[in-house]
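K.L.:
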Amino acid sequence: MNKHIIIETIDLKKIYGMGDASVAALNGVSIQIEQGEFVAIMGPSGSGKSTLMHILGCLSRPTDGKYILDGDDVSNLENKQLAMIRNKKIGFVFQAYNLLARTTALRNVMLPLMYDRADHKTQEENEERARAMLARVGLEKRMDHEPQELSGGQQQRVAVARALINNPVLLIGDEPTGNLDSHSGEEIMGLFHEIHAQGATIAIVTHDPKIAAHTQRTISLQDGIIKEVIHNGHDKSVWAREEAQS
Amino acid sequence: MKLSETMRIAWESITKNKIRSLLTMLGIIIGVAAVIMVVSISAGTEATISDQITSLGSNLVFITSNFGRGGPQSFRSGTNNSLTFDDATALTQLSGVNGVTVEQNASETIKANSVTLTDVEVLGTTLDFPTVRDMKIASGNFFTQDEIDHKEKVAVLGSSLATQLFGTTDPVGQYVMVGTTRLAVIGVFEPRGSVGGTDFDGRLYTPITVVFEKFTPSQFARFLGNSVRLIYVKVDDQKNLDNTVTQIESLLAKRHNETLDNLSFSVTTQQDIISTQESTTAAFRSLLAWVAGVSLIVGGIGIMNIMLVSVTERTREIGIRQSVGATADDIRIQFLAEALLISIFGGLIGLIVGFVGSWLFGAISSMRTVIVPSSILLAFLSAATVGIFFGYYPANKAAQLDPIEALRYE
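Written as structure tokens, this is what we have:
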């Protein structure tokens with residue numbers, strides 16, 4: 001089994017402040033996430049899970065240690081390169097949806113394409129892609145609605161479509177169901193499962209064990225280090241699919 | 247990000263807050279309108295000056311007594327050095343001189359038949375007057391040297407004065423009562439118009455000797471005897487102007503027993519007047535340009551202020567854009583584009599306000615305004631410069647935001 005490793009961190013540290021006043025948000029975290037994996041990162045607040053997510057999502061750099069994303073060491077990249085990596089390789093789904101206000105669902109989904117420097121497609125082609133993506137998350141009838149006209153669950157679907165539009169190697173969910181009622185939350189998790197089934201690599205940061213239980217593996221953090229890793233026992237579909245491919 | 251997309255986002259942001267954007271533009275609008283009006287007014291002033299000078303008669307040289315400037319006392323003490331009627335006569339002998347004339351004016355009540363006009367300017371002058379001041383006779387004749395020498399009571403009327411006194415009938419051969427003196431009308435001038443506050447058409451022209459004898463208005467003027475304030479000399483060709491001025495200076499210096507470096511009179515050419523007036527206009531223009539500059543700076547500060555507010559308000563949006571891959575340059579360009587669009591749009595409105603204002607100003611006031619097409623470029627350049635200069639700091643602030651902080655911003 002030749003599994004491609006999407007994320008590899010080696011002794012990752014993030015230290016805020018200097019000298020005696022310094023606080024280690026991450027104090028040596030080494031994890032690996034393989035292609036096609038669906039992983040939860042859990043922990044109480046202050047455990048370092050948000051810091052880890054920010055580094056995995058290339059929103060910040062580690063103070064020490066290595067982060068290899070899709071085969072490239074991105075630990076020490078400049079802000080500009082990090083922005084380009086976020087654009088090409090990362091898709092974010094935030095707790096608060098983070099859609100642009102007074103901007104249609106379609107334009108929100110197209111946003112990452114606007115910042116793609118290698119993209120030489122026409123506006124029409126980009127629009128077509130965004131429409132297809134919105135259809136994939138079940139919002140073909142809501143494309144021209146603005147966020148305030150959509151329910152929380154629908155807004156989060158738009159956010160998922162936006163996260164997927166650039167075919168990222170990693171989809172990061174930051175408490176993606178945190179602002180949703182349980183029904184909408186289940187729907188979003190269902191959507192994540194669908195995307196996962198289509199081959200996406202997903203990491204979800206959550207403090208909710210029920211959400212974590214949806215995933216294949218839960219990495220629990222406490223005080224900036226890995227406390228435990230639990231295999232949630234429904235890996236079979238993935239392994240089965242990977243074996244079929246290889 | 248594509249430029250068209252950047253501009254679209256900037257445009258949307260501006261139109262989302264219409265009132266605010268308009269208020270922000272106000273400084274730029276005023277500044278650019280001021281620039282446009284400054285240029286129009288100074289161009290108008292220049293055009294007026296050049297028109298005036300052209301209509302004064304070309305190649306005109308003015309000789310004035312320096313002693314005249316200090317008032318009556320200096321006149322009294324400097325009587326010996328005053329320009330005289332004989333000086334004027336002597337100048338006619340110089341080569342390159344087409345004509346020499348002096349003027350002495352008075353204000354009188356004029357009656358003809360049943361018409362009475364008060365405070366009409368009576369101008370006593372000499373034979374060369376029509377040549378020197380570019381006046382043409384419409385009917386009859388101008389007075390002769392003989393008539394001047396013999397103080398003949400004759401008059402030539404300006405065109406509008408002729409109409410006021412005699413209507414459509416030909417005044418030549420008629421008589422007018424000027425004060426208590428009866429003058430025979432021997433000619434009428436063609437219309438010439440009003441030049442530099444002097445209405446050539448509303449005056450009555452008569453031999454200067456008659457004015458001296460009959461109409462010299464005050465004790466002060468009577469005291470002067472045959473001295474004159476101002477001699478007009480018409481030079482035949484622009485080429486000979488400098489040479490003729492030199493000749494005039496040496497001739498008059500000799501007549502007054504003076505040295506060339508200490509003359510009691512000044513010889514002024516039209517070119518001197520143009521230069522003086524041009525430098526006055528330039529000073530006026532630079533003053534107004536400062537006013538415009540200050541308004542533009544104030545407008546720029548307004549833009550900076552509102553852009554800073556905008557950056558703060560849109561911190562979350564900046565974070566979202568950064569999270570999907572916007573670089574610092576992308577964010578900076580986006581906010582710069584917004585500042586630029588506000589300033590250019592303000593510039594456009596200012597341009598219209600400036601043009602309308604210039605037109606209104608020209609229509610209402612006595613000052614003339616000329617719309618200068620190149621001022622459009624000036625207006626846009628100044629607006630754009632202000633936008634970029636004052637928009638840079640807020641744009642840079644936006645670009646430097648930390649994505650994590652920006653995403654957390656409520």
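First to last, the sequence lines map onto chains A and B.
The opening residue of the first sequence carries number 1 in our numbering; numbering runs sequentially from there.
The opening residue of the second sequence carries number 247 in our numbering; numbering runs sequentially from there.
Built from N, CA and C at the ideal position, the CB exists for glycine as well.
(1) Jot down the residue ranges of each uninterrupted alpha helix (DSSP H) in the region 337 to 388 of chain B, minimum 4 residues, whole runs only, in chain order.
(2) In the region 101 to 130 of chain A, which residues sit with their C-beta less than 8 angstroms from some C-beta in chain B, listed in chain order?
(3) Can you list, in chain order, the residues of its chain whose CB lies under 8 angstroms from that of Ser296/B, leaving out five sequence neighbours each side?
(4) Could you please tell me which residues of the region 4 to 33 of chain A, in chain order, have their CB closer than 8 angstroms to any CB of chain B?
(5) Can you give the beta carbon distance from Leu647/B to Thr561/B, rounded, assuming they're within the 8 angstroms contact cut?
(6) Counting beta carbon pairs with one atom in the region 537 to 550 of chain B and one in the region 34 to 46 of chain A, are three or more of them shorter than 8 angstroms?
(7) Mark Ala641/B as exposed unless 16 or more other C-beta atoms lie within 10 angstroms of its C-beta, in which case mark it buried.
(8) Tell whether a beta-carbon distance below 8 angstroms holds between Val544/B and Gly273/B.
(9) Among the residues of its own chain, which have a CB less than 8 angstroms from the CB of Glu101/A, if the five just before and after it don't count?
(10) Ser60/A touches chain B at which residues, Cβ-Cβ below 9 angstroms?
(11) Could you pull out every residue in the same chain whose Cβ sits closer than 6 angstroms to the Cβ of Ile650/B, ignoring the five residues on either side in sequence?
(12) Are at least three pairs of beta-carbons, each pair with one atom in the region 187 to 197 of chain A and one in the region 16 to 26 of chain A, less than 8 angstroms apart?
(13) Enumerate in chain order the residues of its own chain whose CB-to-CB distance from His4/A is below 7 angstroms, with the five nearest sequence positions on each side excluded.
(14) Taking all protein chains shown into account, do 16 or more other C-beta atoms lie within 10 angstroms of the C-beta of Arg254/B, making it buried, or fewer, making it exposed?
(15) Once DSSP output is grouped into helix, strand and coil, what is the label at Pro453/B?
(16) If the criterion is Cβ atoms closer than 8 angstroms, does the pair Val205/A and Asp174/A meet it?
(17) What does the alpha-carbon distance come out to for the pair Thr362/B and Tyr421/B?
(18) Check the C-beta distance from Val378/B over to Phe389/B and give it rounded, since I have them as a contact under 8 angstroms.
(19) For chain B, find out if any of its Cβ atoms is closer than 8 angstroms to the Cβ of Met133/A; answer yes or no.
(20) Could you name the residues of chain A that Ile564/B contacts, counting a contact when the two beta carbons are closer than 8 angstroms?
(21) Using a C-beta cutoff of 8 angstroms, does Ala227/B count as contacting chain A?
(22) Spell out the partners DSSP gives Gly173/A in its beta bridges.
(23) Ends of the alpha helix (DSSP H) at Asp576/B?
(24) Could you have a look at Thr444/B and say whether DSSP puts it in helix, strand or coil?
(25) Go through the region 458 to 531 of chain B residue by residue and report every complete run of the alpha helix (DSSP H) that reaches 4 residues or more, in order.
(26) Tell me, please, whether the CB atom of Ile262/B is closer than 8 angstroms to any CB atom in chain A?
(27) For Thr261/B, which of helix, strand or coil comes out of DSSP?
(28) Does DSSP put Gly153/A in a helix, in a strand, or in coil?
(29) Exposed or buried, which one is Ser496/B when buried takes at least 16 other CB atoms within 10 Å?
(30) Taking beta-carbon pairs under 7 angstroms, can you tell me which members of the region 80 to 91 of chain A lie near chain B?
(31) Quick one: list the residues of chain B neighbouring Asn98/A, beta-carbon separation under 8 angstroms, in chain order.
(32) Ignore the nearest five residues each way along the sequence and tell me which others in Asn486/B's own chain have a CB closer than 7 angstroms to its CB.
(33) Identify the contact partners of Met247/B in chain A, using a Cβ-Cβ distance below 8 angstroms as the criterion.
(34) For Glu559/B, would you say it is in contact with chain A, using Cβ-to-Cβ distances shorter than 8 angstroms as the test?
(35) So, at 7 angstroms on beta carbons, what are the nonlocal neighbours of Asn387/B in its own chain, with the 5 sequence-adjacent residues on each side left out?
(36) Step through the CB atoms of chain C and report whether any lies within less than 8 angstroms of the CB of His196/A.
P.N.:
The answer reads as follows:
(1) 375 to 378
(2) Ala101, Arg102, Leu111, Pro112, Met114, Tyr115, Asp116
(3) Numbered from its first residue, the second sequence carries residue 296/B at position 50. Here the set comprises Ile520.
(4) none
(5) As a first step, residue 647/B must be located in the second sequence, where it is residue number 401. As a first step, residue 561/B must be located in the second sequence, where it is residue number 315. The Cβ separation is near 7 angstroms, so the contact holds.
(6) no
(7) Here the question's residue 641/B lines up with position 395 in the second sequence. Per the 10 Å Cβ criterion, buried.
(8) The count along the second sequence starts at 1 and reaches residue 544/B at position 298. The count along the second sequence starts at 1 and reaches residue 273/B at position 27. Yes, the Cβ-Cβ distance between Val544/B and Gly273/B is below 8 angstroms.
(9) The residue labelled residue 101/A in the question sits at position 101 within the first sequence. Note on residue identity: the sequence assigns Ala, not Glu, to residue 101/A. Answer for Ala101/A: Glu146, Pro147, Gln148, listed in chain order.
(10) On the first sequence, position 60 is the one that residue 60/A refers to. Residues of chain B passing the Cβ test: Asp648, Pro649, Ile650.
(11) As a first step, residue 650/B must be located in the second sequence, where it is residue number 404. So no residue of the chain qualifies.
(12) no
(13) For the purposes of this step, residue 4/A is taken as the residue at position 4 of the first sequence. Taken in chain order, the residues that qualify are Glu34, Gln35.
(14) On the second sequence, position 8 is the one that residue 254/B refers to. Exposed is the call here.
(15) As a first step, residue 453/B is located in the second sequence; it is residue number 207 there, counting from the start. The answer is strand: DSSP assigns Pro453/B an E or B state.
(16) Counting from one through the first sequence, the residue named residue 205/A turns up at place 205. Counting from one through the first sequence, the residue named residue 174/A turns up at place 174. Cβ atoms of Val205/A and Asp174/A: closer than 8 angstroms.
(17) On the second sequence, residue 362/B is found 116 positions in, with the first residue counted as 1. On the second sequence, residue 421/B is found 175 positions in, with the first residue counted as 1. If you take the alpha carbons of Thr362/B and Tyr421/B, they lie about 13 angstroms apart.
(18) To locate residue 378/B, count along the second sequence from 1; it is residue 132. To locate residue 389/B, count along the second sequence from 1; it is residue 143. The pair is not a contact, with the Cβ atoms about 15 angstroms apart (cut-off 8 angstroms).
(19) Locating residue 133/A in the first sequence gives position 133, counting from the first residue. False, the Cβ-Cβ gap to chain B never drops below 8 angstroms.
(20) Walking along the second sequence from the start, residue 564/B turns up at place 318. Residues of chain A passing the Cβ test: none, with the nearest at roughly 11 angstroms.
(21) Lying outside 247 to 656, the shown extent of chain B, residue 227/B is not represented and no answer is given.
(22) Position 173 of the first sequence, counted from the first residue, corresponds to residue 173/A. The partner list for Gly173/A (beta bridge, DSSP) reads Val93/A, Ile204/A.
(23) Mapped onto the second sequence, residue 576/B falls at position 330. First-last of the alpha helix (DSSP H) with Asp576/B: 574 to 610.
(24) If you number the second sequence from 1, residue 444/B lands on position 198. Looking at Thr444/B - three-state DSSP - the assignment turns out to be strand.
(25) 465 to 469, 487 to 501
(26) Within the second sequence, numbered from 1, the residue matching residue 262/B stands at position 16. Per the sequence shown, residue 262/B should be read as Lys rather than Ile. Chain A, which has a Cβ nearer than 8 angstroms to the Cβ of Lys262/B, makes this yes.
(27) On the second sequence, position 15 is the one that residue 261/B refers to. Thr261/B: helix per DSSP, three-state reduction.
(28) Here residue 153/A is taken as the residue at index 153 of the first sequence, counted from 1. Helix at Gly153/A.
(29) As a position in the second sequence, residue 496/B is number 250, starting the count at 1. By the 10 Å Cβ count, Ser496/B comes out exposed.
(30) Lys80, Ala83, Met84, Arg86, Asn87
(31) As a working mapping, residue 98/A is identified with position 98 in the first sequence. What Asn98/A touches in chain B: Arg562, Gly565, Ile566, Ser569, Leu653.
(32) One-based indexing of the second sequence puts residue 486/B at position 240. So the qualifying residues of the chain are Gly342.
(33) Within the second sequence, numbered from 1, the residue matching residue 247/B stands at position 1. Residues of chain A passing the Cβ test: Met114, Tyr115.
(34) Sequence index remark: in the second sequence, residue 559/B carries index 313 (1-based). Answer no: the Cβ-Cβ gap between Glu559/B and chain A never drops below 8 angstroms.
(35) The count along the second sequence starts at 1 and reaches residue 387/B at position 141. Excluding positions up to five away in sequence, the list reads Ile432, Gly433.
(36) You won't find chain C in this structure, because its protein chains are A and B.
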